[in-house]
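Quick note on numbering: numbering that gives the first Met the number 0 labels position 142 of the sequence shown as 141, and the sequence is numbered without any gaps. Glycine included, C-beta positions come from ideal geometry on N, C-alpha and C.
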Amino acid sequence: MKSVRRKIVILCVFLLTAVSGCGAAEKDIPGRDVHQKEIQQETAGDTEGSIAAPERTPCPEFDGEDVRNVRVEAGGEVLWEIDYLPREDRGSYLFWDIKVPYHSCAVVDTESMFQLYNRIASLDFHKKAESADTGATGLEKPERTVTLDYYQGDQKTAADGTKPMPNKTFTLLVGKENGKGQYFCSLKGYEKELILLDQTVLDEVFAKNPYDLILKIPYVVDISTVSEVQIQSGDREYTMRSRDGSYILGDKKSDKKKYSEVYQALMQPMIAQELKEKKTTDRQPVLSLEYKRSDAGEEDVEVHFYPYDKRYVSVNVNGNEFFLVSSREVEQLQEVLEKSF
0 MKSVRRKIVI LCVFLLTAVS GCGAAEKDIP GRDVHQKEIQ QETAGDTEGS
50 IAAPERTPCP EFDGEDVRNV RVEAGGEVLW EIDYLPREDR GSYLFWDIKV
100 PYHSCAVVDT ESMFQLYNRI ASLDFHKKAE SADTGATGLE KPERTVTLDY
150 YQGDQKTAAD GTKPMPNKTF TLLVGKENGK GQYFCSLKGY EKELILLDQT
200 VLDEVFAKNP YDLILKIPYV VDISTVSEVQ IQSGDREYTM RSRDGSYILG
250 DKKSDKKKYS EVYQALMQPM IAQELKEKKT TDRQPVLSLE YKRSDAGEED
300 VEVHFYPYDK RYVSVNVNGN EFFLVSSREV EQLQEVLEKS F
């Protein structure tokens, strides 16, 4: 728990840095919206100078830090998918996007993510197996796959915090276990080459709970991209505004320090657990937040906290509802708002 809170404190420091003018939104990145084979969905809009799709490799060699995108599938279902997607409306600490199962509505715990990527990188793709019947290997119609994009070359991070986009890709096809602690595997496009990969590592990848790959923060909105926050707390309404170096709480001017403290407080309720069953009955939010972007081209963010039970409220972010937070933490936020305006 201490480790989780430490990561969250670091993230909050980034947010506070942004309000002081040191963390402006990242510049547009050539190739940011590139469509990547079999793993990265094309984002909206055309981008000048798009880079080529990653090259399929017959013998992957990479370290955990080289990995950009991973998609894990079993039985035709995507178990989890994380992409590296630099965007203008995000700080560099939010470039990692967990698309499945959380629809990009969770903050990736990059420390846990890279620990898992290092495990995948530990696989020995050079360990060839003797040819065998596809029925014995389970590779005639493999039900489990791992698609991974990585960058091979100088890993230097750019001044705007971006890493080089991937230039290599592979799709690992996973078959049956050989009775010696290994799985028969092959790579898509090179199916004739059988390889033996460690069963323990691959079992870990397919069994990984995506919940363990996120920080327990239901949402983060970079303060440098927001001009106004509209807040509805019960029967009370509040407005925060930031523009051209001026800060306003309600109808009163504020200094940057006070403004940033209130803004940070809006993201204090932490995820307590996953939402197992969404309540479908008519309901009214106990607290609503609407973040208005400074740039009209960026998506506004709407957050609603709905009653769930005596201990928890559910969090809905732009229509996506995956998590529960403590009712008490929401009440504490409401108390902060009442004292601040």
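Which same chain residues end up closer than 8 Å to residue i when comparing Cβ atoms and leaving out the 5 residues on each side of it in sequence?
| i | result |
| --- | --- |
| residue 311 | 271, 272, 323, 324, 325 and 326 |
| residue 236 | 229 and 230 |
| residue 348 | It is not possible to answer for residue 348, since the shown part of the chain is limited to 0 through 340. |
| residue 329 | 268, 285, 286, 304 and 312 |
Excluding sequence positions up to five away, which residues of its chain have a Cβ less than 7 Å from the Cβ of residue i?
| i | result |
| --- | --- |
| residue 55 | 168, 169 and 188 |
| residue 274 | 313, 320, 321, 322 and 323 |
| residue 299 | 289, 290, 291 and 292 |
| residue 227 | 238, 239, 240 and 291 |
| residue 136 | 174, 175, 183 and 193 |
By DSSP, does residue i sit in helix, in strand, or in coil?
| i | result |
| --- | --- |
| residue 323 | strand |
| residue 189 | strand |
| residue 83 | strand |
| residue 62 | coil |
| residue 196 | strand |
| residue 218 | coil |
| residue 173 | strand |
| residue 155 | coil |
| residue 291 | strand |
| residue 181 | strand |
| residue 27 | With a pLDDT of only 33 at residue 27, under the threshold of 50, the placement of this residue in the model should not be trusted, and no figure is reported. |
| residue 212 | helix |
| residue 201 | helix |
| residue 286 | strand |
| residue 267 | coil |
| residue 278 | coil |
| residue 224 | helix |
| residue 257 | helix |
| residue 40 | Low confidence applies here, because residue 40 scores a pLDDT of 38, under 50, leaving its location unreliable and the question unanswered by this model. |
Spell out the partners DSSP gives residue i in its beta bridges.
| i | result |
| --- | --- |
| residue 167 | 54 and 149 |
| residue 76 | 73 |
| residue 68 | 148 |
| residue 99 | 80 |
| residue 272 | 323 |
Please report the Cβ distance between residue i and residue j, rounded to the nearest whole angstrom; I am assuming they are in contact, meaning their Cβ atoms lie under 8 Å.
| i | j | result |
| --- | --- | --- |
| residue 178 | residue 166 | The Cβ separation is near 37 Å, so there is no contact. |
| residue 119 | residue 97 | The Cβ separation is near 16 Å, so there is no contact. |
| residue 420 | residue 333 | No information on residue 420 is available, as it lies outside the stretch 0 to 340 that the chain covers here. |
| residue 212 | residue 107 | 6 Å |
For residue i, which residues in the same chain have their Cβ closer than 6 Å to its Cβ, ignoring the five residues on either side in sequence?
| i | result |
| --- | --- |
| residue 113 | 63 |
| residue 59 | 124 and 169 |
### Query
What are the start and end residues of each continuous beta strand (DSSP E) run of 3 or more residues lying completely inside the region 226-255, in chain order?
235-242, 245-248 and 251-253
### Message
As an exercise, report each continuous beta strand (DSSP E) stretch of at least 3 residues that is fully enclosed by the region 294-338, in chain order.
### Response
300-306, 311-316 and 319-325
### Task
Kindly provide the ranges of any alpha helix (DSSP H) runs that are 4 or more residues long and lie completely inside the region 102-151, ordered along the chain.
109-120 and 133-136
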